[in-house]
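Chains as they are written, first to last, in my numbering: chain A, 1 to 656; chain B, 1 to 244.
For each residue, glycine too, the CB sits at the ideal point set by N, CA and C.
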Amino acid sequence: MKVIYTDSLVIGGGLAGLRVAIAAMQRGFDTIVLSLIPAKRSHSAAAQGGMQASLGACVKGEGDDEDVHFGDTVKGSDWGCDQDVARMFVNTAPKAIRQLAAWGVPWSRVRGGDREVIINGEKVTITENHEAHGLITARDFGGTKKWRTCFTSDGTGHTMLYAMDNKAIELGIPVHERKEAVALIHEDGVCYGAVVRDLITGELIAYVAKATTIATGGYGRLYSVSTNAVISEGIGTAIALETGVASLGNMEAVQFHPTAIVPVGILTTEGCRGDGGLLLDKDGYRFMPDYEPDKKELASRDVVSRRMTEHMRKGKGVPSPYGDHLWLDITLLGRKHIEKNLREVKEICEYFLGIDPVKEYIPVRPTQHYSMGGVRTNATGESPTLKGLFSAGEAACWDMHGFNRLGGNSVAETVVAGMIVGEFVADYCEKSSLNVSTSTIEHFVKTEEKKIADLLLREYGENPFELKAEMQQIMMDKVGIFRNGPHLEQAVEELQVLNQRARSIALRNRISSANPELVEAIRVPKMIKLALCVAYGAMLRTESRGAHAREDYPERNDRDWLKRTLTTWPDDSADLPEVSYEDLDVMKMEMPPGSRGYGVDNTIHHPDTEKRIAEIEEIKKAHPRADRFELQQLLNPTPIPEKFKGKNERIGRGYK
Amino acid sequence: MDEQARVLKFQIFRYNPQKKGDKPRMVTYEITEAPGMTIFIALNEIRETQDPSLQFDFVCRAGICGSCAMVINGQPDLACRTLTANFPDGEIKLLPLPGFELIGDLSVNTGKFMRAMSERVESWIHDREADLVNYDELEERMDPDVAEQIYELERCVECGACVSACATKRMRPDFLSAVGFMRLARFALDPRDKRTDEEFYEIMGNDDGVFGCMTLLGCEDYCPKDLPHQTQIAYLRRKMAMIR
């Protein structure tokens with residue numbers, strides 16, 4: 001049995017994983033990153049649009065600060081997020097972006113003077129302050145009060161990931177590529193690393209560690225059409241679930257992005273609309289102002305996706321062999337802007353659609369995009385139930401996104417969570433010693449060996465590719481943008497059948513080394529379990545919140561559902577997860593539940609909401625001279641690591 | 001639609017070094033073309049319906065991650081964004097990218113090569129002061145044009161097409177190649193990187209570096225991101241020639 005020891009094992013080499021590894025390494029701990037692929041190819045690279053941080057340097061960002069960013073994030077989450085975490089996040093984001101600037105990201109900068117932009121379909125001249133010249137600039141994104149999304153032309157994720165991986169290389173952090181964690185090693189509620197399969201040789205290796213961090217991204221590929229990379233299959237999340245001890249949070253919270261191209265589902269960035277692009281229907285009519293007169297195309301993602309779907313249901317979609325779609329019009333932005341700031345979009349249109357977006361409309365449709373749910377962690381990034389198991393980034397339900405994530409908050413989360421959770425991982429490595437018996441390690445390796453041996457021996461059985469396709473279709477048809485009881489019940493029933501069938505997968509290519517079919521056979525049963533968590537959670541949640549939209553329960557119901565779904569899978573032979581709920585405490589909220597300002601507000605309020613609003617007023621009255629920092633401390637004291645507690649400086653405003 | 005669909009003929013290089021006694025060979029697969037079909041879609045269909053052992057690498061399938069470069073009818077390119085409709089005779093021959101360690105079939109180990117390249121050129125900002133920066137303070141300013149110019153050179157996705165198309169690399173196994181030069185040009189341009197020209201000379205001032213380039217410029221011809229390899233190699237060579 002091959003065993004590799006380290007202090008901090010990180011599963012996943014995207015932005016979040018690399019940042020956690022860097023934090024542990026800088027604190028003097030041995031760290032290893034496992035990755036399915038070369039780290040620079042991680043899905044983080046696909047984030048074209050930008051990263052939110054309230055720097056307030058560009059003129060349309062003036063007046064922005066942590067509090068405004070906090071408000072947007074909480075509202076965007078439909079009050080489903082953990083406000084402690086959202087607070088830690090918004091306070092740390094400006095530091096994260098400045099650190100990345102020092103590490104080499106060529107953020108686009110403010111250019112003092114006049115420039116022409118498109119706002120609400122009109123050409124407008126805005127004047128950037130000369131004193132802000134050369135500072136990091138920002139663009140507009142949906143659901144934000146200020147222009148806060150910092151970017152590098154059209155390659156934000158790419159440049160962030162390259163800078164981060166380069167930093168990891170500088171620090172000598174080993175990235176073990178083409179390795180897949182297939183099970184976690186744990187005993188008595190403590191995690192000790194993972195059983196890992198070498199995707200080339202097929203060898204199983206035990207990576208034994210004090211702290212294990214899951215940073216494997218989202219589970220978008222549970223759906224047949226997703227903007228996600230093909231590796232975003234949720235396997236890291238699934239191995240946490242399979243411990244039976246760690247819980248997953250809010251798995252039913254799945255975001256659909258308004259503008260993926262039809263039919264392949266590749267994303268065109270929100271920056272298209274942020275920079276002034278419009279959504280048009282089959283008559284060339286701009287319909288969003290009719291639905292959302294205030295934010296129009298730049299309403300929150302879940303809202304725009306639903307409005308588009310509604311509009312298509314009214315027969316206003318453009319028919320195509322692949323079903324109806326709508327148009328994204330960026331022609332009004334002009335060639336120069338598109339070729340510089342939206343070049344990736346232009347390339348995608350040219351290569352995959354054969355059109356020139358400078359002159360032609362882009363066929364788009366809402367498509368699965370982001371997983372708000374994931375490995376449930378507390379504010380330190382650690383699983384509340386499995387010690388030594390951490391998670392960061394999209395894989396985690398750290399829970400700053402609640403039921404809907406704002407555009408630009410995902411790459412921001414990866415690096416901010418990486419920084420913060422990385423410190424807690426290092427703390428954990430510092431105070432704990434590794435006490436795990438070799439027989440335990442052996443037990444976990446043997447279990448996985450046996451599963452693989454069984455797969456290789458079975459002569460007749462299910463085809464893993466077919467099982468996966470069936471699962472993806474069920475999720476697509478029945479657990480999509482709009483959901484309802486009967487469909488969700490059917491989905492759960494059908495997925496349970498698939499879960500049983502997945503126990504008898506047989507292979508045509510029966511070799512244990514490099515074997516794509518074996519990889520699929522190992523993953524698919526895990527994916528079906530995750531799909532069950534999503535569908536079952538969605539079936540049980542009889543309200544609409546953020547991206548979880550129930551046609552049969554259209555109102556947000558704070559009275560009964562202001563709580564986080566927790567899913568565990570304690571019995572491996574079961575066909576359903578166990579579901580429990582964790583209340584969100586209104587009386588501790590810095591920002592008590594209110595209206596997001598979209599459509600009709602039909603919220604069923606929580607009995608504590610009014611009490612908390614009154615209490616906050618009392619606190620404000622009792623401290624008339626408190627500044628925004630003091631007030632925030634009174635309302636919501638958060639456990640930000642010492643390193644990141646400082647106030648953030650802004651141009652023209654200092655540290656106020 | 002079905003009546004007009006063509007049958008595509010894929011000839012694919014097959015060899016699994018992990019399998020004892022396996023020999024390199026070309027295998028032909030036929031599939032029915034679908035509208036908008038890319039090589040990504042086609043290869044997955046072949047794997048799922050005809051040969052589940054077929055190895056290839058895709059990640060983003062959108063032309064941004066650089067995983068899927070392979071030799072397509074004799075020319076290196078990103079397979080994910082290559083439409084099958086581009087081939088009028090419906091015959092597509094696929095080979096793994098030369099110049100890299102073969103993992104199996106169409107999969108090559110670009111990751112190992114690129115990590116070694118990054119270590120060799122020290123692909124990070126060199127600044128002794130960087131770790132002393134207080135991130136609460138305003139970031140250091142940068143000219144907006146300079147930021148854009150750096151990004152233009154940082155668009156490389158490490159796909160390896162330039163390496164596979166490089167004749168010098170074929171003759172000199174340790175040749176740094178265009179991907180390495182582009183990275184150096186990017187850091188040489190970046191005011192945050194405090195390395196001197198002399199320090200850059202230590203990295204590339206030899207025949208495995210910028211002086212070895214025979215200027216055949218396969219890199220320029222085959223870069224899927226249209227990076228300015230020709231200009232940057234010429235620029236670096238001139239810069240380095242001035243040193244000694």
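query	result
When you compare each of N206(B), P228(B), M114(B) and D89(B) to E101(B) by their alpha carbons, which one comes out closest?	M114(B)
Exposed or buried, what is P321(A) when buried is set at 16 or more other beta-carbons lying within 10 Å of its beta-carbon?	exposed
E327(B) touches chain A at which residues, Cβ-Cβ below 8 Å?	Since the displayed chain B opens at 1 and closes at 244, residue 327(B) lies outside it and no answer follows.
Less than 8 Å between CB atoms is the rule here; does I39(B) satisfy it with respect to chain A?	no
Name, in chain order, the residues that DSSP records as bridge partners for H369(A).	According to DSSP, which records beta bridges pairwise, H369(A) is partnered with nothing at all.
Near R195(B), which residues of its chain fall below 6 Å by C-beta distance, leaving aside the five closest residues on each side in sequence?	H126
In three-state DSSP terms, what is A469(A)?	helix
I'd like to know whether the C-beta atoms of D114(A) and T127(A) end up nearer to each other than 8 Å.	yes
Roughly how many angstroms separate the alpha carbons of V230(A) and L138(B), rounded to a whole number?	38 Å
What residues in its chain sit with their C-beta under 6 Å from that of R47(B), if we drop five residues either side in the sequence?	L54
Taking all protein chains shown into account, do 16 or more other C-beta atoms lie within 10 angstroms of the C-beta of T92(A), making it buried, or fewer, making it exposed?	buried
Please go through the same chain and pick out, in chain order, the residues whose beta-carbon is closer than 7 Å to the beta-carbon of R523(A), but skip the five residues on each side of it.	E233 and I235
Please state the DSSP three-state secondary structure of F287(A).	coil
Are the beta-carbon atoms of D67(A) and K145(A) separated by less than 8 Å?	no
Per the contact definition of three or more C-beta pairs closer than 8 Å, is the stretch 472-485 of chain A in contact with the stretch 146-164 of chain A?	no
Who are D114(A)'s beta bridge partners in DSSP?	T127(A)
For the putative contact between V304(A) and G76(A), defined by C-beta atoms under 8 Å, what is the C-beta separation to the nearest angstrom?	Incorrect: roughly 12 Å between the Cβ atoms, too far for contact.
Rounded to whole angstroms, what's the CA-CA distance from M1(B) to L8(B)? Just pull it up for me.	Below a pLDDT of 50, predicted positions are generally treated as unreliable, and M1(B), at 46, falls in that range; the measurement from the model is reported next regardless. Answer to the nearest angstrom: the Cα atoms are 16 Å apart.
Can you tell me where the beta strand (DSSP E) holding D198(A) begins and where it ends?	V190 to D198
Distance check for P516(A) and R170(B), CA to CA, integer angstroms please.	31 Å
Taking the alpha carbon of D154(A) as the point to measure from, which residue in Q633(A), L267(A) and N129(A) has its own alpha carbon closest?	L267(A)
Determine the contact status of G402(A) and G599(A), defining contact as a CB-CB distance below 8 Å.	no
Taking any Cβ of chain B, which residues in the stretch 198-209 of chain A have a Cβ under 7 Å from it, in chain order?	I200 and T201
DSSP state of G249(A), grouped into three classes?	strand
On the criterion of 16 or more Cβ atoms from any shown chain inside 10 Å, does P525(A) qualify as buried, or is it exposed?	buried
Could you name the residues of the stretch 93-106 of chain B whose beta carbon sits closer than 7 Å to any beta carbon of chain A, in the order they occur along the chain?	I103 and G104
Quick check on the DSSP output: what are the complete beta strand (DSSP E) runs of length 3 or more inside the stretch 542-610 of chain A, in order along the chain?	563-568 and 578-583
Between D64(A) and the rest of its own chain, which residues show a CB-CB distance below 6 Å, the 5 nearest in sequence each way excluded?	S54, G56, K146 and R148
Along the alpha helix (DSSP H) that carries L189(B), what are the first and last residues, could you check?	S177 to L189
Secondary structure at E91(B), three-state DSSP: helix, strand or coil?	strand
Rounded to a whole number of angstroms, what is the C-alpha to C-alpha distance between C349(A) and A34(B)?	18 Å
What are the residues of the stretch 11-34 of chain B that lie near chain D, defined by any Cβ-Cβ distance shorter than 8 Å?	Here chain D cannot be found, since the structure's protein chains are A and B.
Could you tell me how far apart the beta carbons of I243(B) and E198(B) are, in whole angstroms, since I believe they sit closer than 8 Å?	6 Å
With F40(B) and A79(B) assumed to form a contact (beta carbons below 8 Å), what rounded beta-carbon distance in angstroms separates them?	6 Å
Using CA atoms only, rank isn't needed, just tell me which of L222(A), V90(A), G28(A) and A417(A) is closest to L18(A).	A417(A)
Using a Cβ-Cβ distance cut-off of 8 Å, determine whether K256(A) contacts chain B.	Inspection of the sequence shows that residue 256(A) is occupied by Phe rather than by Lys. No, because no Cβ of chain B sits closer than 8 Å to the Cβ of F256(A).
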